[in-house]
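Protein chains in written order, with the numbering used here: chain A, 1 to 231; chain B, 1001 to 1116. The C-beta atom is built at its ideal place from N, Cα and C for all residues, glycine as well.
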Amino acid sequence: LPEDFDWREKGAVTEVKDQGKCGSCWAFSTTGAVEGAHFVSTGELVSLSEQQLVDCDKACDPKDKKACDSGCGGGLMTNAYEYLMEAGGLEEEKSYPYTGKRGHCKFDPNKIAVKVVNFTNIPLDENQITANLVQHGPLAVGVNAVFMQTYIGGVSCPLICSKRKVNHGVLLVGYGSKGFSLLRLSNKPYWIIKNSWGKKWGENGYYKLCRGHNMCGINSMVSAVATQVSS
Amino acid sequence: LEDLTIRQVTEDRRVLPNLLGTHTETKFRVFMSEHGKSYATRDEYVHRLGIFSRNVLKAAEHQMMDPTAVHGVTRFSDLTEDEFKKMYTGVAEVGGRRGGAVGAVRTEAALLEVEG
């Protein structure tokens, strides 16, 4: 495994997007994983539609029928993969643009850009996450966002951050071995995380979280998808 | 916003120490212009100013608890923690709790070789 790795340098990550005042982070995490998997399998980077998921996806977790995808009210990336496998696939952003509010489903099967053919949970093991990231592309992950409300930059490594209160869906795009931190003149290995709060938040829309401690629950909800080009 | 500089002279002081005219209010004004914020009524302005002042303290706490990062005023500094979570996160609870390996998984990824 390389010491440092960043899918952005390989062109596998679209621009930082902005979910607006809508609890649709799960949709952005899902499209990020599908965009990355599509790039890994075809070399083509396509910005995919979160709005299709917000409007049309009502899939529920098979083990908890109350855990359903409900637009701005929240959802789960693994539910979204199930929906995409049943619906046939995901449209491009430009054919189904984001509005930040839940509306009527306007999904058009003739405009499917990418199909999801399978998905997996990645084991909690840090090395397995790293290896799957390098092998499969960007990974959809959950994190406890409590320190992100005030985050401005640097490598976040809170002394206390609950691993069990995972409430935000983001995208793992890479990792670094030494993140220099001004305040503590120290270097920490970190994850590079793409967020969906616009480019002005954090480090150009990205969050750096220290690796090696399942910090803020980052290892507890990791998934990868396999895609197929729509014929 | 100009008339908002009127100082409160009545006795019914708010629970919060009156923040109008303080340095915190000046910071709040900078925050508003930087993030394009505006509030419909004076009450809402004062309410958000109170939340902002608490979030400035929260950022200082986060800085102490997370010294290798930089924490401070962000676009979310006029939101309570609940408002922030409701509007800007969105991972659903599963089985009454958040996070953790969710049920809707077809397969667990095969273990990859990571020796060395």
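Within the 8 Å Cβ cut-off, does HIS1023/B reach chain A? As a working mapping, residue 1023/B is identified with position 23 in the second sequence. No, its Cβ sits nowhere closer than 8 Å to a Cβ of chain A.
Original post:
In chain A, which residues lie less than 7 Å from LEU1112/B when you measure between Cβ atoms?
Top reply: On the second sequence, position 112 is the one that residue 1112/B refers to. Here the neighbours are GLN128, ALA131, ASN132 and GLN135.
Worksheet entry | Per-residue DSSP class, three states only, for PHE28/A | Here residue 28/A refers to the residue found at position 28 when the first sequence is read from its first residue. Helix at PHE28/A.
* When THR14/A, VAL146/A, GLY71/A and MET77/A are compared against GLY23/A, the one with the closest alpha-carbon -> One-based indexing of the first sequence puts residue 23/A at position 23. Checking every option, the nearest Cα to that of GLY23/A belongs to GLY71/A.
**Study point:** Closer than 8 Å to chain B by CB, HIS168/A
**Key:** Position 168 of the first sequence holds residue 168/A. Yes - at least one Cβ of chain B is within 8 Å of the one on HIS168/A.
Run down chain A in chain order and give the residues with a C-beta less than 9 Å from the C-beta of LYS1058/B. Here residue 1058/B refers to the residue found at position 58 when the second sequence is read from its first residue. Within 9 Å Cβ-Cβ: GLN149 and THR150.
Exercise for the section: Apply the 10 Å Cβ neighbour rule to MET1064/B and answer buried if 16 or more other Cβ atoms are within range, or exposed otherwise. Expected result: Locating residue 1064/B in the second sequence gives position 64, where the first residue counts as 1. So MET1064/B counts as exposed.
Cβ of THR120/A within 8 Å of Cβ of GLU1108/B? Walking along the first sequence from the start, residue 120/A turns up at place 120. Walking along the second sequence from the start, residue 1108/B turns up at place 108. For THR120/A and GLU1108/B, yes; Cβs fall inside 8 Å.
* Looking at C-alpha atoms only, which residue of ALA59/A, ASP4/A, LYS21/A and ALA33/A is the closest neighbour of THR14/A? -> Looking up residue 14/A in the first sequence gives position 14. Nearest C-alpha to THR14/A: ALA33/A.
So that I know if they touch, is there some Cβ in chain B lying closer than 8 Å to that of VAL155/A? If you number the first sequence from 1, residue 155/A lands on position 155. By this cut-off, VAL155/A is an interface position.
Problem set entry | Nearest-angstrom beta carbon gap, SER47/A and GLU91/A [assumed within contact, 8 Å] | Here residue 91/A is taken as the residue at index 91 of the first sequence, counted from 1. Here residue 47/A is taken as the residue at index 47 of the first sequence, counted from 1. Their Cβ separation, rounded to whole angstroms, is 11 Å, which puts GLU91/A and SER47/A out of contact at 8 Å.
* Asked: Using a Cβ-Cβ cut-off of 6 Å (strictly less than) and excluding sequence neighbours within five positions of HIS1062/B, which residues of its own chain qualify?
  -> One-based indexing of the second sequence puts residue 1062/B at position 62. For HIS1062/B, where only same-chain residues beyond five positions count, the Cβ hits under 6 Å are HIS1071.
Discussion item. Quick check: the Cα distance between PHE28/A and TRP201/A, rounded to an integer number of angstroms?
Written reply: Residue 28/A sits at position 28 when you count from the first residue of the first sequence. Residue 201/A sits at position 201 when you count from the first residue of the first sequence. Roughly 16 Å separates the two Cα atoms.
Taking TRP197/A as the query, report the chain E residues whose CB atoms sit under 7 Å from its CB, ordered along the chain. No chain E appears in the structure shown, which is made up of the protein chains A and B.
*asked:* Which residues does DSSP list as the beta-bridge partners of ALA145/A?
replied: Within the first sequence, numbered from 1, the residue matching residue 145/A stands at position 145. Partner(s): none; ALA145/A has no beta bridge.
**Request:** At 4 residues or longer, and completely inside the stretch 1047-1102 of chain B: list those alpha helix (DSSP H) runs for me, N to C.
**Result:** 1081-1088
**Asked** In chain order, what residues of the same chain have a beta carbon less than 8 Å from the beta carbon of PHE1031/B, not counting five sequence neighbours either side?
**Response** By 1-based counting over the second sequence, the position of residue 1031/B is 31. Excluding residues within five positions, the ones whose Cβ falls inside 8 Å are LYS1037, PHE1052, VAL1073, SER1077 and ASP1078.
Item to check | Residue interval of the beta strand (DSSP E) (run including GLN228/A) | outcome: Stepping through the first sequence from its first residue, residue 228/A is reached at position 228. Unbroken beta strand (DSSP E) run through GLN228/A: 223-229.
Please state if the CB of ILE152/A and the CB of LEU139/A are separated by a distance shorter than 8 Å. Within the first sequence, the letter at position 139 stands for residue 139/A. Within the first sequence, the letter at position 152 stands for residue 152/A. Going by C-beta atoms, LEU139/A is not nearer than 8 Å to ILE152/A.
Within 8 Å, do at least three Cβ pairs link the stretch 142-159 of chain A to the stretch 104-112 of chain A?
no
For this session: Take THR1022/B as the anchor and find which of SER1033/B, GLU1044/B, ARG1075/B and GLY1050/B has the nearest alpha-carbon.
Result: Translated into the one-based positions of the second sequence, residue 1022/B becomes position 22. Ranking the options by Cα distance to THR1022/B, first place goes to GLY1050/B.
Would ILE160/A be called buried (16 or more neighbouring beta carbons within 10 Å of its own) or exposed? Here the question's residue 160/A lines up with position 160 in the first sequence. It is exposed - the Cβ of ILE160/A has fewer than 16 other Cβ atoms within 10 Å.
Which residues in chain A sit within 9 Å of PHE1076/B, going by Cβ to Cβ distance?
-> Position 76 of the second sequence, counting from 1, holds the residue named residue 1076/B. Here the neighbours are MET148, GLN149, THR150, TRP197 and TRP201.
**CYS156/A, enclosing alpha helix (DSSP H) - first and last residue** = Counted from its first residue, the first sequence places residue 156/A at position 156. First, the amino acid is wrong: residue 156/A is Ser here, not Cys. First-last for SER156/A: 151-156, but that is the beta strand (DSSP E), not the alpha helix (DSSP H).
> How far does the beta strand (DSSP E) with VAL166/A in it reach, from first residue to last?
Replying inline: The sequence position of residue 166/A within the first sequence is 166, counting from 1. Looking at the DSSP string, VAL166/A is not in any beta strand (DSSP E), and its letter there is neither H nor E.
Check your understanding: Does the beta-carbon of LYS58/A have 16 or more other beta-carbons within 10 angstroms, so that it is buried, or is it exposed?
Key -> Position 58 of the first sequence, counted from the first residue, corresponds to residue 58/A. Burial call: exposed.
Next on the checklist: With a threshold of 8 Å between beta-carbons, can GLU1044/B be considered close to chain A, or not?
Outcome noted: Here the question's residue 1044/B lines up with position 44 in the second sequence. Taking Cβ atoms only, chain A never reaches closer than 8 Å to GLU1044/B, which makes this a no.
- Please check if any C-beta of chain A sits within less than 8 Å of the C-beta of HIS1047/B. On the second sequence, position 47 is the one that residue 1047/B refers to. So no, HIS1047/B is outside the interface.
Practice prompt. Identify the contact partners of TRP26/A in chain B, using a Cβ-Cβ distance below 8 Å as the criterion.
Written response: What you label residue 26/A is simply residue 26 of the first sequence in a count that begins at 1. Neighbours of TRP26/A on chain B, chain order: GLY1090, VAL1091 and ALA1092.
Please classify ALA1104/B: does DSSP put it in a helix, a strand, or coil? Walking along the second sequence from the start, residue 1104/B turns up at place 104. With a pLDDT of only 46 at ALA1104/B, under the threshold of 50, the placement of this residue in the model should not be trusted; the figure read from the coordinates follows. Residue state, collapsed to three classes: coil.
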